[in-house]
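To start, the structure itself, in structure tokens.
Residue numbers (the UniProt record's numbering): 1 to 390.
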């Protein structure tokens, strides 16, 4: 085989695997493990959503559809954004995507050129950085610290932006932190982006899981240079259905929709009918799941109360960000020990960036009993580590 024919793309070969997936793989096939490492709702997809996909398939809705999505779904998404996110868009401004992941990738592909700089949060969902590297972008991390409430500050951003910066990514409610950017801070961020001519890509995949009412969609403040990304995965317990959507200004939406042609052609048709049933059907299940996550948050915090471990109280999403720096053990090592010795899978903070070191992410999307017992075992492990050190 010639050297040329065996050459592979270094952006792919050099890409590190997600630390979350590493723990998932290690826990796979071990039935007694308490699975708190992944954001996978323990609720089933509501029956009326499953039935809509079934009926669509039986009725022959199985062919290619428009790349941007079927018209009834796009109309329903525009209505949802108006009612629940607080801003007006036409159906043509919504683009149905293969999950929130593909929506973010398509947005970055559209808005950047190779060599551009992109502002990414740290800690953050690791796929942001993976996408930046695949697109040959220079990722510039902006810190999310406990002192700032794990939300970005304009003073810090001003020190990081350059002439090469084209996009800033924000994520509220945050994975892995559970932090929510309030209206005042979001307005400051939009002003910053406007001053520097940046696009804001807003990951709002947890928009329906906010506990204190402070969540705001940036496009409801200033929509001109914002691409908003949403997902059905968390809101409707549809992680495996792989459907989400992006909302963009009129002048960008057609270009963004064009990206769908080479990337996915279109989202599979029965799933689009399921999504239509989800967004137009009864929403009580959405509220019930949110209430359950809130109850689990309170339960989790009560387990940690009085222990050496501290946790940031999440304002949204369904994760608990636990400070384990007192153990003196790297987060990946501690996560593997917790799995191997005590049968609990959690995500190491290092999987979410350099500033995630010293923390663990615990999913509250698992049953309450698993959350409580898993955290109790974590407290026990931390205590034994401290005793050994003493």
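From the three backbone atoms N, C-alpha and C, an ideal C-beta is built for every residue, glycine too.
As the structure is a computational prediction, the values presented were derived from the model and not from experiment.
Distance check for residue j and residue i, CA to CA, integer angstroms please.
{"i": "residue 253", "j": "residue 247", "result": "7 angstroms"}
{"i": "residue 58", "j": "residue 65", "result": "16 angstroms"}
{"i": "residue 343", "j": "residue 295", "result": "24 angstroms"}
{"i": "residue 356", "j": "residue 272", "result": "36 angstroms"}
{"i": "residue 267", "j": "residue 243", "result": "7 angstroms"}
{"i": "residue 38", "j": "residue 95", "result": "27 angstroms"}
{"i": "residue 100", "j": "residue 74", "result": "15 angstroms"}
{"i": "residue 317", "j": "residue 229", "result": "15 angstroms"}
{"i": "residue 224", "j": "residue 85", "result": "16 angstroms"}
{"i": "residue 212", "j": "residue 278", "result": "24 angstroms"}
{"i": "residue 107", "j": "residue 306", "result": "45 angstroms"}
{"i": "residue 255", "j": "residue 227", "result": "12 angstroms"}
{"i": "residue 324", "j": "residue 361", "result": "10 angstroms"}
{"i": "residue 302", "j": "residue 33", "result": "22 angstroms"}
{"i": "residue 130", "j": "residue 113", "result": "16 angstroms"}
{"i": "residue 157", "j": "residue 144", "result": "11 angstroms"}
{"i": "residue 177", "j": "residue 87", "result": "26 angstroms"}
{"i": "residue 22", "j": "residue 191", "result": "39 angstroms"}
{"i": "residue 169", "j": "residue 78", "result": "22 angstroms"}
{"i": "residue 210", "j": "residue 180", "result": "8 angstroms"}
{"i": "residue 312", "j": "residue 322", "result": "7 angstroms"}
Checking the sheet assignment: what are the DSSP bridge partners for residue i?
{"i": "residue 94", "result": "247"}
{"i": "residue 165", "result": "117"}
{"i": "residue 316", "result": "210"}
{"i": "residue 310", "result": "323"}
{"i": "residue 203", "result": "171 and 229"}
{"i": "residue 345", "result": "35"}
Are residue i and residue j touching if we call contact CB-CB under 8 angstroms?
{"i": "residue 196", "j": "residue 154", "result": "no"}
{"i": "residue 381", "j": "residue 341", "result": "yes"}
{"i": "residue 215", "j": "residue 174", "result": "no"}
{"i": "residue 164", "j": "residue 116", "result": "yes"}
{"i": "residue 43", "j": "residue 345", "result": "no"}
{"i": "residue 331", "j": "residue 348", "result": "yes"}
{"i": "residue 46", "j": "residue 365", "result": "no"}
{"i": "residue 233", "j": "residue 198", "result": "no"}
Quick check on the DSSP output: the alpha helix (DSSP H) that includes residue i runs from which residue to which?
{"i": "residue 265", "result": "Segment: none, residue 265 is in no alpha helix (DSSP H) and carries neither H nor E."}
{"i": "residue 12", "result": "10 to 13"}
{"i": "residue 291", "result": "284 to 304"}
{"i": "residue 340", "result": "331 to 342"}
{"i": "residue 108", "result": "99 to 111"}
{"i": "residue 72", "result": "71 to 80"}
Following the continuous beta strand (DSSP E) through residue i, name the residue where it begins and the one where it ends.
{"i": "residue 183", "result": "First-last for residue 183: 183 to 195, but that is the alpha helix (DSSP H), not the beta strand (DSSP E)."}
{"i": "residue 360", "result": "359 to 363"}
Check whether the Cβ of residue i lies closer than 7 angstroms to any heavy atom of the ligand GTP, and answer yes or no.
{"i": "residue 42", "result": "Questions concerning the ligand GTP fall outside what the structure shown contains, since it holds no ligand whatsoever."}
field: Continuous alpha helix (DSSP H) assignments of at least 4 residues falling wholly in the segment 117 to 156
entry: When DSSP assignments are scanned along the segment 117 to 156, the uninterrupted stretches of alpha helix (DSSP H) that are 4 or more residues long and fall wholly within it turn out to be 127 to 134.
Those runs of the alpha helix (DSSP H) which lie wholly inside the segment 22 to 67 and span at least 4 residues: Correct list: 47 to 58.
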